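As C-alpha cells, the structure follows; a few thoughts come after it.
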Amino acid sequence: MNSPNINTEPSAFQHTRQAREAEQTLDQITDRFDDNPKAMDYFYDLFRRVYCQGQALQREGTLVGTTCIHAPEELIYAVGAQPLRLCNGSYHFDQAGGDFMPAKSCSLVKATLGVLSTDDAIPGGGRPELVVNPTTCDQKKKASAMVAEMGYNVYDLELPPGKESEEARLYWQRSVRDFSVRLSKLTGKKLTRSRLKAAMAKTARAQLAFRTLHNLRKNSPALFLGKDAFLVTNAYFFDDIDRWTEAVEQLNEELRAREASGYQAAQRKAPRILFTGSPPIFPNLKLPLLIEEAGGVVVADETCSANRMLYDMSAVDEWRLHDMVDALADRHLKPCTCPIFTNNLDRRRRLLDLAESFNADGVVYQAFAGCQVYEMEQRSVAKTLSEKGIPMLYVETDYSPDDMGQLSTRIEAFLESIKTRKRKRS
Amino acid sequence: MSKLRTAINNVDLKRFRFWLQIGFFALFVYGGYLAINLGNSLPTFSCAFNQDGRGGVCFLMPLQHLMGTRWSSLFGWAGLGVLTAFLTFALWFIVLNKAWCGYACPLGTIQDWISSLRTRLGIRSGRYSKPQFRSLSTIKYVLLALTLLIPLGIGGGYLPHSLGTPFCDICPGRMILPLFTGDTSQLTIDFSSRTAMIMTALGMLVTGLFFTGAFIKKRFFCFFCPMSALHYLFSKPALLNLRKDGDKCTRCGDCYRVCDMQIREIADDVETPRIMKDDCILCFKCVAACPEEGALKVTFLGRTVFEATEEGFNKRMNQGETCEQPKHQH
Amino acid sequence: MKLIKRTAPLAGLCGLLFALQAVAASGPVWLSDHAPKGNRGMRSHGGPVEIRRGTYYKHLWIRQGDSPQTSNYARSWEGSANLQLLDAQGQLSEIPLQAQQDQGGVEAVFPMPDEGFYNAYLQQARIEDGRREMTIAKTEVLKHSCREGHDNVQEKMPAHHNPAMPLEIVRERQEKENFHTLTGYGDEIRFRILSNGEPLAGAKVTLTSGQGWSKSTRSNDQGLAAFTMIRDYYPDWTEFEKRHAQTYLVNAVYESDDAGEWDGVSYRGTRYLASFTGQYFPSEADYESYAHGLSYGLGALFLTAGGTYFYRRRRIRPYREIRFDE
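For the protein sequence lines, the chains are A, B and C, in the order given.
In terms of our numbering, the first sequence is residues 373 to 798.
In terms of our numbering, the second sequence is residues 4 to 333.
In terms of our numbering, the third sequence is residues 285 to 610.
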C-alpha cells in the first residue's frame with residue numbers, strides 16, 4: 373500500500389460493497405503501475421479516506437450539492453457555502469438507483485439517485501442542504517422530482533436547450549441571477565462584489581493549476597498517466613478547493629521536474645489516446661484503466677468530469693456584480709461541449725483541436741448505455757474524426773464490471789491497429 | 004526577445020490603453036498649443052471647431068467642404084484635390100486601421116471615461132438585442148451617404164449653402180471637444196436661417212443624447228459614426244490587424260462579452276481569419292480577454308505583435324487574487 | 285480743378301434725383317470692391333473676386349460721397365491714371381484705371397497671387413481758394429482661399445502701410461484675428477492714423493455705417509481712434525442673412541499750414557483727407573442663442589436619462605400577465 377500514515381483500523385464502512393469497489397479501483401490505480409508520482413499520494417490518501425474508510429470530508433460551511441457542471445460554483449462560494457458534485461460512479465449505487473429509473477438508463481444518473489437515496493449522501497454522513505439540478509438531459513431533468521421526493525431541497529437551474537442564440541444566452545443569464553438570489557436566501561449572506569471576486573479568484577487559481585497540469589500532458593512521451601489525471605479531477609468533486617489546488621500545484625512541480633529530467637511515464641511508442649464521451653467518475657475508471665493497462669496512454673479528455681469542468685475560464689469586463697455574474701453564466705454555457713445542446717459543432721471542433729495539440733493517435737468514445745445524447749452524437753463525431761484520419765473506438769458500456777473481458781480485447785485490438793498505422797507511417 | 008514577447012502578451016491592456024488614449028487625447032485636443040499640426044486628413048475626430056487646441060483636422064470636415072465644390076470644378080481640377088485628400092486620409096488610416104477609433108479618437112476616449120464613471124457608480128451597461136444591433140449598425144452607412152451626398156447637392160446648386168457641413172452640424176464632437184479648450188461657442192442655436200436653426204438644434208439634441216447614451220451604453224456613438232463607415236472602406240490593406248485562429252477557439256464568448264461594440268462574430272465565427280468587422284474599434288480588449296493561446300492575434304504587417312496567451316489572460320483577469328479570502332462560516 | 289465729371293445715369297428723368305446725386309458728389313472719394321451693376325465672379329473670404337486660371341483678381345471701383353448708402357460711382361476719372369498698390373509681399377506697383385462706360389464706373393483690376401492683405405491707394409490733389417486739398421482714398425482687401433491652408437496665417441496678419449502717404453488710415457487688428465475673422469455689430473474697431481508712417485494725434489476721424497449713421501472722434505497720442513460698430517440691419521427673420529456684408533467708410537481730416545506750390549499754383553496750406561473702407565457683418569450674438577442651445581441639449585439629456593431610468597425600473601418589476609388587446 374502506498375500510504376503508510378493513514379488509519380488502517382478496519383471499520384464497518386470498509387466492508388460495504390461501495391468501499392470494496394473503491395478499494396479495488398484504487399489498488400488497480402496504485403499497484404498495477406510503476407512510478408506513480410509522489411504528489412499523487414495526496415489524492416490516493418484522499419480517496420482511501422473518503423471512499424474506503426468513509427471518513428468525513430473536512431469541509432466547512434453549508435454544503436450545496438450539484439448534479440452537473442453548469443451550476444456556477446463561484447456563486448456558491450461567494451455566499452459562504454461549499455459546492456459538492458453529487459455525480460456518482462459507483463456500481464453499487466447504480467444498482468440501488470435502478471429502483472427509480474427504467475432499466476435502460478444512464479448509470480451515472482442511476483448511481484447519483486442511488487447515493488442520494490441513502491441517509492449519508494455526503495461521504496462521512498449527512499445530506500446537502502440544497503441540491504442544484506441544472507436541467508440538462510432528460511434523465512437528469514426527471515431525476516429532479518425524485519430527489520425532491522427523497523426529502524431534499526431541490527433547485528432546478530433552468531438551462532436553455534441550445535447555446536447558439538443570444539436569446540438562449542440571456543435566458544441563461546437570468547437563470548443564473550435567479551440562482552444567486554436563491555443561494556443568498558440559503559445562507560442568509562448577501563452576494564457582494566468582494567465576496568464574489570474572492571470566490572472567482574479561488575476557482576481561477578484552481579483552474580490555472582488544472583490548465584498547467586493539462587498542458588503538461590502535451591509532453592511526448594507522457595509525463596504521467598491519464599488514470600491519475602482523472603483521479604485528480606474527480607477529487608475536485610468533493611475536496612476542499614484550496615487543498616485540492618495546492619495538491620495539484622505540487623503535482624505540477626513534480627511533473628515539471630520529470631519533464632526536466634526526461635522522464636517517461638509510458639513508452640515512446642505508446643498510442644496516445646484522447647478520451648471523450650460519458651464521464652469517468654471514481655470508482656468507475658474502468659475504461660481509462662483498461663487503455664493504460666493495455667499500453668496506451670490517455671493524454672487528454674473531453675469529458676465533464678475533467679476538462680469540460682475546469683478548462684474554460686471567465687472574462688469580466690467591469691468588475692461589478694452585474695457583469696461578474698453574467699460572465700460566470702457565459703462561462704458555464706457558451707464553451708460547453710455537452711451533447712444535450714442542439715448543435716455539437718463545438719464538441720467536434722474541440723476534439724479536433726485536442727487531438728492536434730496533444731498529438732493524439734486515436735480517440736476512445738465512451739457512451740453509457742442509456743445516455744442517448746452521447747449515443748446520438750457518435751455518428752457525427754466519428755465522421756468528423758475520420759475525415760481528419762483520426763481512428764475512433766466507440767464503446768457503449770455502463771458501471772457493471774461484466775463487460776471487462778470483452779472491452780479489454782477490443783481496446784487491445786484498437787491500440788494494436790494504431791501501433792500498426794504508426795509503424796507504417798514512419 | 005521571447006522575454007519581451009511574454010512581457011507584451013502579459014500587458015495590462017486596460018492601463019496601457021488608458022494612458023495611450025490620454026496621450027492621443029492631448030495630441031488631438033491640445034496639440035495645437037504645442038504647434039502640432041498633422042494636417043487636414045486625419046481619420047479621427049480631431050475636431051476642426053476646436054480652433055486653438057486641435058492637433059490636426061478630422062477628415063470629415065474638409066471632405067464635406069470638398070464635396071461641396073461646384074460641380075464644374077469638382078469634376079475638373081478640384082477633383083484632383085479631392086483625390087489627394089482621400090489618399091492622404093487613406094495613408095494615415097492604413098497605419099493604425101480602426102485603432103484610430105479604439106485608441107486615438109478623442110470622442111471615443113470621452114465615451115470610455117463616461118463608461119468608467121458608470122462602472123464606478125455600479126450601473127450596468129445597456130446591451131442591444133440582435134435585431135436592434137442589426138438595424139442600428141446600418142445607420143452609420145446612411146449617415147456617411149448623407150455626409151457625402153448633401154454637400155454634393157450643394158455643389159450642384161440643389162441645396163442651400165448653410166447645409167455645407169451637415170455631419171459636423173450634428174456631430175457631438177463639435178459641441179464637446181472645443182469645451183476642453185474653454186470654447187463654449189458651439190453650444191448655441193443658430194437662428195440665422197431655418198436650415199441653420201434646425202441643424203444646430205439637432206446638434207444640441209444629439210449632444211444631450213450623446214451623454215445619456217455614452218453613460219448607459221459602451222461606445223454609444225461609435226455605432227452611428229460615419230467615420231467608422233468610411234474607415235471600413237479602406238480597412239482591407241491596413242497594416243495593423245486583428246486575426247483569429249478559429250481552430251483554437253472554444254467559442255467561450257469571453258471576447259464577445261468584453262466587446263464594447265457587441266460584435267458577436269468575434270466569438271462565433273471560426274471560419275474567417277480576418278475577423279475585424281465594420282463596427283470594430285480595434286481596442287484589442289478581445290485579445291486581452293481570450294484565454295486560448297494564439298486564438299486571437301494583433302498583427303502589424305503580418306507579424307504578430309500581441310496575442311492571446313493563457314498566462315496573459317490570468318494576469319489580467321485574476322482581479323480577486325489579492326482579495327482576502329473569506330473565513331469559512333461554521 | 286474739377287476732380288470728377290459726372291453724368292447722372294437718369295439725367296432729365298427726375299430733377300430731385302439729380303439734385304441728390306449732386307450733393308453726394310461733393311463727399312470724399314473712396315474705393316469699393318462692389319461693382320456698380322452688381323458683382324460677377326465669386327465670393328471669397330476677402331469679398332468678391334474674379335478667378336482667371338486659378339488666380340484671384342480684384343476689381344476696385346471709385347466712388348464718392350459721405351455715406352456708403354448714398355455714394356455714387358464715378359463715371360469718369362480725370363486725376364492720375366494709376367492706382368498705387370501695396371501687395372501682400374509689401375511691393376509697390378501702379379495699376380492703371382479704366383473707365384468702363386458699359387459697367388457704369390471707373391475700375392482698376394489687379395491680380396492677387398499671394399495670400400494676405402493688399403492695400404490700394406488713390407491719391408489726388410487740387411487747389412481751391414489758395415489752399416491745397418489732398419485726398420488719399422485707401423482700401424484694404426484680403427486674398428484668402430481655404431485651399432491654400434491656414435498654417436502660416438499669423439505672420440501675414442499685421443497691417444501694412446505706405447510711409448510715403450501724408451495721411452493714411454490703418455485698421456488695427458483684433459486680438460487673435462485671422463483670415464476668417466469678421467467685424468460684427470457691437471465689435472470695437474480701431475484705426476491708427478499715420479502721417480508719413482508716423483502716428484498723428486488730433487486728426488478728426490469719422491466713421492459712417494452702411495446705412496449712413498456716423499460718428500466722429502479725434503485720434504489720440506498714438507494716432508488711435510476707436511469706434512464701436514453699431515447694428516443697423518433689421519430685416520424680417522426669413523430674410524436675415526448672417527453673412528450680410530455692409531461697407532463702412534472711415535474718413536480722417538487733418539490740416540497743415542505748409543505753404544508751397546503745386547502744379548504751377550501756389551498755396552498757403554493743405555487739407556489732407558484720407559478715406560478707408562471695410563466690411564462689417566452681423567455678429568454671432570445677433571443670431572445665436574446659448575439659452576436655446578443649452579435647453580435643447582439639457583432637455584435631450586434629461587429626457588433620455590429619465591426615460592432610461594424608468595425603463596430600467598420597470599424591467600426590475602416582476603413579470604406581469606399578458607393581456608390581449610381586442
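Even for Gly, the Cβ is constructed at its ideal location relative to N, Cα and C.
Here the structure is a predicted model, which means the values were calculated and not measured.
8 angstroms Cβ cut-off: residues of chain B touching Arg431(C): Neighbourhood of Arg431(C) in chain B, by CB distance below 8 angstroms: Gly84, in chain order.
Outcome for Asp614(A) when other beta-carbon atoms lying within 10 angstroms are tallied against a minimum of 16: Counting Cβ neighbours within 10 Å, Asp614(A) comes out exposed, since fewer than 16 surround it.
Start-to-end residues for the beta strand (DSSP E) that takes in Gly649(A): Counting along the chain, Gly649(A) sits inside the beta strand (DSSP E) bounded by residues 644 to 649.
Top-ranked residue by Cα proximity to Glu538(A), from Ser49(B), Phe136(B), Ala148(B): Comparing alpha-carbon positions, the option among Ser49(B), Phe136(B), Ala148(B) lying closest to Glu538(A) turns out to be Phe136(B).
Given 8 angstroms, three or more beta-carbon pairs between the region 442 to 457 of chain C and the region 414 to 425 of chain C: They touch, by the three-pair rule.
For Phe465(A), three-class secondary structure by DSSP: It is helical.
DSSP three-state assignment for His464(C), whether helix, strand or coil: In this structure, DSSP gives His464(C) a state outside helix and strand, which the three-state scheme calls coil.
Bridge-paired residues (DSSP) for Gly331(C): For Gly331(C), which the question treats as bridged, DSSP gives the partners Ser328(C).
Assigned exposure category for Pro652(A) - 16 Cβ within 10 Å defines buried: Pro652(A) should be labelled buried.
Secondary structure of Cys61(B), DSSP reduced to three states: It is a strand residue.
Residue-level contact to chain A via CB, Phe316(B), 8 angstroms cutoff: Chain A, which has a Cβ nearer than 8 angstroms to the Cβ of Phe316(B), makes this yes.
Interface residues of chain C facing Thr215(B) [CB-CB closer than 7 angstroms]: Those are Leu585, Thr588, Ala589, Thr592, listed as they occur along chain C.
Span separating the alpha-carbon of Gly211(B) from that of Glu314(B): If you take the alpha carbons of Gly211(B) and Glu314(B), they lie about 43 angstroms apart.
Buried or exposed by the 16-neighbour rule on C-beta atoms within 10 Å, applied to Asp406(A): Exposed is the call here.
7 angstroms CB neighbourhood of Asn366(C) in its chain, flanking five on each side removed: Around Asn366(C), the same chain offers Glu378, Ile379, Pro380, Leu381 as residues with beta carbons nearer than 7 angstroms, after the five sequence neighbours per side are excluded.
Cys255(B) Cβ short of 7 angstroms to the ligand GDP heavy atom set: Among the components of this structure there are no ligands whatsoever, and the ligand GDP is therefore not found.
Cutoff 7 angstroms; reference Met522(A); Cβ partners in own chain excluding five residues on either side: So the qualifying residues of the chain are Leu488, Ser489.
CB contact check: Lys796(A) to chain B, cutoff 8 angstroms: Put simply, the CB of Lys796(A) is far from chain B, with every gap to its CB atoms at 8 angstroms or more.
Coarse secondary structure for Phe303(B), derived from DSSP in three states: The answer is strand: DSSP assigns Phe303(B) an E or B state.
Cα-Cα separation, His343(C) to Met441(C): About 22 angstroms.
Bounding residues of the alpha helix (DSSP H) (the contiguous stretch that carries Ser479(A)): Segment 479 to 488, the alpha helix (DSSP H) holding Ser479(A).
Other residues of its chain near Phe472(A): CB distance less than 6 angstroms, five sequence neighbours each side excluded: Answer for Phe472(A): Leu485, Met518, listed in chain order.
Interfacial residues, the region 570 to 583 of chain C to chain B, with Cβ spacing under 7 angstroms: Hits within the stretch, in order: Tyr571, Glu572, Ser573, Tyr574, His576, Gly577, Leu578, Tyr580, Gly581, Leu582, Gly583.
Per-residue burial, Leu304(B) [other beta carbons within 10 Å of its own, 16 or more giving buried]: Flag for Leu304(B) reads exposed.
Contact check, Ser462(A) vs Glu395(A), beta carbons under 8 angstroms: Not a contact, by the Cβ cut-off of 8 angstroms.
Every unbroken beta strand (DSSP E) inside the region 316 to 403 of chain C [3 residues or more]: Qualifying beta strand (DSSP E) stretches, in chain order: 326 to 328, 331 to 336, 339 to 348, 366 to 370, 376 to 384, 389 to 396.
CB contact check: Gly1(B) to chain C, cutoff 8 angstroms: Here chain B covers residues 4 to 333 and nothing more, so residue 1(B) does not appear.
Local Cβ density within 10 Å of Val98(B), reported as buried at 16 or more and exposed below that: Under this definition Val98(B) is an exposed residue.
Opposing strand residues paired with Tyr527(A) [DSSP bridges]: Looking at the DSSP assignment, Tyr527(A) forms a beta bridge with Val504(A).
Classification of Met285(C) by the beta-carbon crowding that lies within 10 angstroms, buried from 16 upward: For Met285(C), the predicted model reports a pLDDT of 34, less than 50, meaning its position is unreliable; a value from the coordinates is still stated below. Note on Met285(C): under 16 other CB atoms within 10 angstroms of its CB, so exposed under the neighbour-count rule.
Per DSSP, cross-strand counterpart(s) of Met418(C): BP columns for Met418(C) point to Ala409(C), Tyr556(C).
Three or more C-beta pairs below 8 angstroms linking the region 216 to 232 of chain B and the region 139 to 148 of chain B: By the C-beta criterion, the region 216 to 232 of chain B is judged to be in contact with the region 139 to 148 of chain B, since at least 3 inter-stretch pairs fall below 8 angstroms.
For Gly105(B) and Arg331(A), the rounded distance between their alpha carbons: Missing from the structure shown is residue 331(A); chain A here goes from 373 to 798 and no further.
Listed by chain order, chain B residues near Phe524(C) by CB distance under 9 angstroms: What Phe524(C) touches in chain B: Phe194, Ser195, Ser196.
Arg640(A), enclosing beta strand (DSSP E) - first and last residue: Looking at the DSSP string, Arg640(A) is not in any beta strand (DSSP E), and its letter there is neither H nor E.
C-alpha distance - Cys252(B) paired with Gln425(A), whole-angstrom precision: Spanning the two alpha carbons is a distance of roughly 43 angstroms.
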